[in-house]
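Numbering (the working numbering), first residue to last: 1 to 365. C-beta atoms are modelled at their ideal positions from N, C-alpha and C, and glycine is treated no differently.
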Ligand SMILES: *Cc1c(COP(=O)(O)O)cnc(C)c1O
């Protein structure tokens, strides 16, 4: 089976580096929030061009702690999109606030900035902007809208490590940014991990306390809302091995997207925009009304596919909300994710392309 993502293939070339990193931690005997964490936080912030980063347990905690750093909680509303896998909505609910969803643009499938004026009210405290599939949303326009209104902007960069526009990296344009290092992400640990990034020293100081019980110094709880959400030293050491390769992996992902776009042109599907530096090709997602039939043919040809994401946040069974988001809902039944990871070969991409043509036309292109 040709997989959507092949992490063993991805990590194999770094095998000896990763083993050396793990050994370093074992020999030192320091396992949580130690020197590897400090070094990774500094190296990741330097890579992004941000003031600092605060490593945490995972990407959803990063979103939750970013909201807590802004003191957002019950009675507050946070605007976000409903097509991004429920992560932001989970974090917003975890702090006691209410998610308020806006619809997306039909082609890029990112937050539609034109819908913000109708979505804000006096309870709106923040906007979580998700850079979905590796593509940067119109974050500058969101910030221009939010700033004069006193609304904070949190970038969800869990799919966009290394995306940049006008020399600025995703994660440095809002007030705070949340990253995930879940193994399948563009920069992935070999377990869970996350980070919050900011250029604001006061918010960074709050995050350092909030991730560890609300401590302002050891055993002294100086702030409410504390959690326990930390990155372990082994994961931090592994992330330090992988960070120097991120840009090369992202360029290969862009090349994969461009090759798919060329090969699938003419099929009648809605293909992603041509990737530039603001796109790090986290997922290759097309739209086709024949999605389910195509997936059946691909599976018969031993090609994995997936759907990111099948259920919009407002329609999840545990939290149904009776609102209508027509573009989000129309997309959800047409989305199709094809294999995309840096080690995917051109021959494999061409096999997937031929299988897609076969699925639609019953013939090879
Ligand atoms: C993966 C992901 C998250 C959550 O990260 P976890 O580490 O799994 O908690 C948040 N937002 C987006 C867009 C993601 O893709």
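**Request:** Identify, in the order they occur along the chain, each residue of the same chain with its Cβ nearer than 7 angstroms to the Cβ of residue 119, setting aside the five sequence neighbours on each side.
**Result:** Counting only Cβ-Cβ distances below 7 angstroms, and skipping sequence neighbours, we find 79, 100, 102.
**Request:** Work out the CA separation of residue 149 and residue 170 for me, nearest whole Å.
**Result:** Between residue 170 and residue 149, the alpha-carbon positions lie close to 22 angstroms from each other.
**Prompt:** Who does residue 154 pair with in a DSSP beta bridge?
**Reply:** In DSSP, residue 154 forms a bridge with 128, 176.
**Asked** Could you give the residue range of the alpha helix (DSSP H) that holds residue 357?
**Response** Taken as a continuous stretch (DSSP letters only), the alpha helix (DSSP H) holding residue 357 covers 346-361.
**Prompt:** Can you give the Cα-Cα distance for residue 304 and residue 352, rounded to whole angstroms?
**Reply:** If you take the alpha carbons of residue 304 and residue 352, they lie about 9 angstroms apart.
**Message:** With a threshold of 7 angstroms on Cβ separation, who are the neighbours of residue 233 within its own chain once the five nearest residues in sequence on each side are excluded?
**Reply:** Once the five neighbours on either side are set aside, the close Cβ partners of residue 233 are 25, 30, 31, 32, 34, 36, 37.
**Asked** Any idea if residue 221 is buried or exposed, counting beta-carbon neighbours within 10 angstroms, 16 or more meaning buried?
**Response** So residue 221 ends up on the exposed side.
**Item:** Three-pair Cβ contact test at 8 angstroms for the segment 144-159 versus the segment 120-134
**Value:** Taking a contact to require three or more Cβ pairs closer than 8 angstroms, the segment 144-159 and the segment 120-134 qualify as touching.
**Request:** With residue 101 as the anchor, note down where its beta strand (DSSP E) starts and where it stops.
**Result:** Taken as a continuous stretch (DSSP letters only), the beta strand (DSSP E) holding residue 101 covers 98-102.
**Prompt:** The beta strand (DSSP E) with residue 215 in it runs from where to where?
**Reply:** Segment 215-217, the beta strand (DSSP E) holding residue 215.
**Prompt:** Exposed or buried, which one is residue 295 when buried takes at least 16 other CB atoms within 10 Å?
**Reply:** Buried is the call here.
**Request:** Counting only runs of 3+ residues fully inside the segment 12-97, write out the beta strand (DSSP E) ranges in chain order.
**Result:** As far as the segment 12-97 is concerned, its whole beta strand (DSSP E) runs of at least 3 residues are 52-56, 77-81.
**Heavy atom of ligand 1 within 7 angstroms of residue 242 beta-carbon** = Outside the cutoff, so no.
**Request:** Quick one: give me the first and last residue of the beta strand (DSSP E) that residue 195 is part of.
**Result:** For residue 195, the enclosing beta strand (DSSP E) starts and ends at 194-198.
**Item:** Buried or exposed by the 16-neighbour rule on C-beta atoms within 10 Å, applied to residue 308
**Value:** By the beta-carbon neighbour count (other beta carbons within 10 angstroms, threshold 16), residue 308 is buried.
**Asked** Can you tell me the Cα-Cα spacing of residue 157 and residue 360, whole angstroms?
**Response** Residue 157 and residue 360 have their C-alpha atoms some 34 angstroms from each other.
**Message:** Using only the alpha-carbon positions, how far apart do residue 223 and residue 77 sit?
**Reply:** Their backbone Cα atoms lie some 22 angstroms apart in a straight line.
**Message:** For a test of the three-state rule: what should DSSP assign to residue 159, helix, strand or coil?
**Reply:** Three-state result, residue 159: coil.
**Request:** May I have the straight-line CA-CA distance separating residue 8 from residue 288, to the nearest angstrom?
**Result:** The C-alpha of residue 8 lies about 30 angstroms from the C-alpha of residue 288.
**Asked** Mind checking residue 86: buried by the 16 CB within 10 Å criterion, or exposed?
**Response** By the 10 Å Cβ count, residue 86 comes out buried.
**Asked** Could you give the residue range of the beta strand (DSSP E) that holds residue 285?
**Response** For residue 285, the enclosing beta strand (DSSP E) starts and ends at 284-287.
**Message:** For a test of the three-state rule: what should DSSP assign to residue 338, helix, strand or coil?
**Reply:** Residue 338: strand per DSSP, three-state reduction.
**Prompt:** Does the segment 50-62 come within contact of the segment 246-259, defined as at least 3 CB pairs closer than 8 angstroms?
**Reply:** These segments do not touch.
**Request:** Could you spell out the range, first to last residue, of the alpha helix (DSSP H) harbouring residue 238?
**Result:** For residue 238, the enclosing alpha helix (DSSP H) has its first and last residue at 233-242.
**Prompt:** Is any heavy atom in ligand 1 found nearer than 7 angstroms to the beta carbon of residue 228?
**Reply:** Every heavy atom of ligand 1 is 7 angstroms or more from the Cβ of residue 228, so no.
**Request:** Could you name the residues of the same chain whose beta carbon sits closer than 7 angstroms to that of residue 342, not counting the 5 residues immediately before and after it, in chain order?
**Result:** Closer than 7 angstroms at the Cβ level, and outside the excluded window around residue 342, lie 10, 249, 252, 253.
**Message:** Once the 5 residues before and after residue 331 are set aside, which same chain residues still bring their CB inside 8 angstroms of it?
**Reply:** Cβ contact annotation for residue 331 (same chain, cutoff 8 angstroms, sequence separation greater than five): 83, 104, 106, 109, 287, in chain order.
**Prompt:** Taking just the CA atoms, how far does residue 214 sit from residue 93?
**Reply:** Here the alpha carbons of residue 214 and residue 93 stand approximately 20 angstroms from one another.
**Item:** Rounded C-alpha distance that separates residue 357 from residue 177
**Value:** Cα-Cα distance, rounded: 39 angstroms.
**Prompt:** Should the segment 314-329 be regarded as contacting the segment 65-75, the criterion being three or more beta carbon pairs within less than 8 angstroms?
**Reply:** Short answer: they don't touch.
**Message:** Give me the residue from 187, 189, 139 with the minimum Cα distance to residue 172.
**Reply:** Minimum Cα-Cα distance from residue 172 among the listed residues 187, 189, 139 corresponds to 139.
**Request:** Below 8 angstroms on the Cβ atoms is my guess for residue 211 versus residue 56; work out the distance and round it to an integer in Å.
**Result:** Indeed, because the Cβ distance is near 5 angstroms, the residues count as touching under 8 angstroms.
**Message:** Short of 7 angstroms in beta carbon distance, which residues of its chain neighbour residue 141, apart from the five on each side in sequence? Order them along the chain.
**Reply:** The beta carbon of residue 141 is closer than 7 angstroms to those of 113 in its chain, skipping five residues each way along the sequence.
**Item:** Anticipated Cβ contact below 8 angstroms, residue 261 with residue 271, distance rounded
**Value:** The pair is a contact, with the Cβ atoms about 5 angstroms apart (cut-off 8 angstroms).
**Prompt:** residue 7 by DSSP, collapsed to three states: which one?
**Reply:** Assigned with DSSP and collapsed to three states, residue 7 falls in helix.
**Asked** What does a CB cutoff of less than 7 angstroms around residue 131 pick up in its chain, not counting 5 residues either side in sequence?
**Response** These residues qualify, in order along the chain: 137, 155, 156, 157, 159, 160, 163, 170.
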